[in-house]
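Take a look at the structure below.
In our numbering, the protein residues as written are 17 to 615.
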């Protein structure tokens, strides 16, 4: 060729005319190497323009030729110059074919520049992370157990797995270079510093790969067959173990650290700071990592066994909460599994009340309640209840007392409140068998009064619809009746507070039951009238009688369905009235005995 510009024009003409043989001969001619290298910024875009789906389908020979020639450009061009242009061309979130094809020459260029790789490696890994983040999320199918094998057929999952399978080999040589398990060759400080830098950079971006969309795929292994996404996760964690000696300090700093970093805080020179940036190291990626280690049993080399389950518990609780809040059914399931595993590793009654100062306990419990109440998958709801019960039981008596005091007002659903009341009852029963233990004093006398003040309250006064609060009120009445029978000698000092109970709970509840019963009996009467009018053929605009459950009106119910709901309410009122009557008799007898003693 006479000059470089002529060469670029000839290459462009060959591509335009689909002359793949002539195009290949130009690149095979060693005499053109210098011109190709000096014009790589012009040649790379020309070749990349043909790396698309249309060319792949209609002109596969042209696609393969351009792919091959880009690797040739990467071999002979200045690495720094060619790399920048390739990164720019590979920034194409909607074109996986081009992105994956360009990873090979980018990889080749990085291998060619070992001593100047630091910043360039970050640029390339940023490119990878951006492409992964732009992939569509798999749909939420609410599948359970064996049904999850169908998740691999989701189009978004198939696309993401293909991309992941091409990305993971990109990391391999860079991980092997600085592997913690590779024999130390040099003790030269600059070389060691460069290796440490590369380890942290790789660790950060490997965590990024564990975020969405991989987080939203089925990563469980039943001992028989592994999903494709599970195999991807195993490979990422394997690489991570090779470059991260101890992730725990980073987890604590990320979850509970108070240091706030800005984008110009020099994380590119101190990669440890990179872990404090959500855009670099997503919290959901860290959550998925801990899930894969603690729940799925993947290698735990990055979490040394010197850390006890109690020490790791706050971090696990924080990250499981992040998964619960992510909203996708598979992220919620991972959050439940992580919470269950971390709680089951902690011995019962071993969490001290001093650990409850962290706000994560409140966030975890309120997030868990939403799953228990609103999730449309029964397995998740049941597991959430078991987790809440186990969570309370790993607290020591002081910590449990704080949970009982602080959690009850935060809960919104009567059924979940009822579960907490039942656990309070079980705890008080346990303390009664060890009445001389100083710790059990928290469940007696003035401390018991604090519990009564929190729990024994008629919500919103006697005018409230008690059906919406029936679950926990029945549990409360059962608790009081149990104490009346089990503590005849009043060792707990409950009946010292009988006047308080009578004034602020028993009488308002009695009045509330009267109003609620009258309200529901009136509804049944109106429902009967509505049915009679319909039988007589009278025109009625809409339903006269509406029925609500948990404060929300349920539409399109038949007469029988409405009648059943109203009768269930009356039955619950009868249960409450029966228990309340027994408790009132007990309170009155306590009043009478105390009165006779005083006189």
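We treat Cβ as the ideally placed atom computed from N, Cα and C, and that holds for glycine.
field: Neighbour-count burial assignment, residue 488, 16 or more Cβ in a 10 Å radius
entry: buried
Item to complete: Return the bridge partner residues of residue 621 from the DSSP annotation.
Response: Since the first residue of the chain shown is 17 and the last is 615, residue 621 is not available in this structure.
* From the DSSP output, which residues share a beta bridge with residue 522? -> Per DSSP, none; premise fails for residue 522.
3-residue-minimum beta strand (DSSP E) runs that sit fully inside the segment 71-132, ordered along the chain: none
Practice task
Pair every Cβ in the segment 165-176 with every Cβ in the segment 316-324, then say whether three or more of these pairs are closer than 8 Å.
Solution key: no
> Nearest-angstrom Cα distance between residue 572 and residue 549?
Replying inline: 18 Å
Which term fits residue 551, buried or exposed, when burial requires 16 or more other beta carbons within 10 angstroms of its beta carbon?
exposed
Count the C-beta pairs between the segment 300-314 and the segment 247-266 that are closer than 8 Å, then say yes if the count reaches three, no if not.
yes
Item to complete: Ignore the nearest five residues each way along the sequence and tell me which others in residue 34's own chain have a CB closer than 7 Å to its CB.
Response: 75 and 78
Open item on the list: Closer than 8 Å is the cut-off here; do at least three beta carbon pairs connect the segment 117-125 with the segment 93-106?
Closed with: yes
Please go through the same chain and pick out, in chain order, the residues whose beta-carbon is closer than 7 Å to the beta-carbon of residue 298, but skip the five residues on each side of it.
224 and 227
key: Counted within 10 angstroms of its Cβ, other Cβ atoms place residue 444 as buried (16 or more) or exposed   = buried
Less than 8 Å between the C-beta atoms of residue 480 and residue 424, yes or no?
no
*asked:* So for residue 290, helix, strand or coil by DSSP?
replied: helix
Where does residue 411 sit, in a helix, a strand or coil, going by DSSP? strand
Spatial neighbours of residue 188 in its chain, beta-carbon cut-off 6 Å, leaving aside the 5 residues before and after: none
Completely contained beta strand (DSSP E) runs for the segment 350-393, where each covers 3 or more residues: none
*asked:* Output needed for residue 18: all residues of its chain with C-beta closer than 6 Å, excluding positions within five of it in sequence on either side, in chain order.
replied: At residue 18 the pLDDT is 47, less than 50, meaning the model places this residue with poor confidence and gives no usable figure here.
Handout entry: Collapsed DSSP secondary structure at residue 35 in the structure displayed
Key = coil
Fill in: Segment limits, alpha helix (DSSP H) that includes residue 316
Segment: none, residue 316 is in no alpha helix (DSSP H) and carries neither H nor E.
Original post:
Which whole-angstrom value describes the C-beta separation of residue 300 and residue 231, a residue pair presumed to lie in contact below a C-beta threshold of 8 Å?
Top reply: 6 Å
inquiry  = If I measure Cβ to Cβ from residue 140 and keep anything under 7 Å in the same chain, skipping five residues before and after, which residues do I get?
reply    = 103, 122 and 126
With a cut-off of 8 Å on the beta carbons, I'd call residue 325 and residue 362 a contact; round off their distance for me. 5 Å
For residue 67, which three-state DSSP category applies? coil
Exercise. Evaluate residue 615 with the Cβ neighbour count: other Cβ atoms within 10 Å of its Cβ, from every protein chain shown; 16 or more gives buried, anything less gives exposed.
Key: Reliability of the predicted coordinates at residue 615 is poor, the pLDDT of 49 falling under 50, and the value obtained from them is presented with this limitation in mind. Under this definition residue 615 is an exposed residue.
For residue 17, name the three-state secondary structure that DSSP assigns.
Note that residue 17 scores 46 on pLDDT, short of 50, meaning its location in the model is unreliable; the coordinates nonetheless yield the value given after this. Looking at residue 17 - three-state DSSP - the assignment turns out to be coil, as it is neither helix nor strand.
**Q.** Residues near residue 311 by beta carbon distance below 7 Å, same chain, minus five either side
**A.** 353, 354 and 357
For this session: Could you confirm whether any beta carbon from chain D is found closer than 8 Å to the beta carbon of residue 403?
Result: Here chain D cannot be found, since the structure has a single protein chain.
| request: Would you check if there are 3 or more beta carbon pairs closer than 8 Å linking the segment 496-516 to the segment 444-461? | output: yes
task: Evaluate residue 174 with the Cβ neighbour count: other Cβ atoms within 10 Å of its Cβ, from every protein chain shown; 16 or more gives buried, anything less gives exposed.
output: exposed
Notebook entry, point to check: For residue 503, which residues of its own chain have a beta-carbon under 8 Å away from its beta-carbon, when the five flanking residues on both sides are left out?
Noted result: 448 and 510
**Message:** Alpha carbons only, please: which of 313, 96, 62 and 592 is nearest the one belonging to residue 14?
**Reply:** Given a span of 17 to 615 for the chain in the structure shown, any question on residue 14 remains unanswerable.
For residue 617, the first and last residue of its enclosing alpha helix (DSSP H): Any property of residue 617 remains undetermined from this structure, which presents the chain solely from 17 to 615.
**Asked** Can we say the segment 412-428 touches the segment 378-388, given the rule of at least three CB pairs closer than 8 Å?
**Response** yes
Open item on the list: Between the alpha carbons of residue 146 and residue 109, how many angstroms are there, rounded?
Closed with: 8 Å
- Query: Taking all protein chains shown into account, do 16 or more other C-beta atoms lie within 10 angstroms of the C-beta of residue 370, making it buried, or fewer, making it exposed?
  - Reply: exposed
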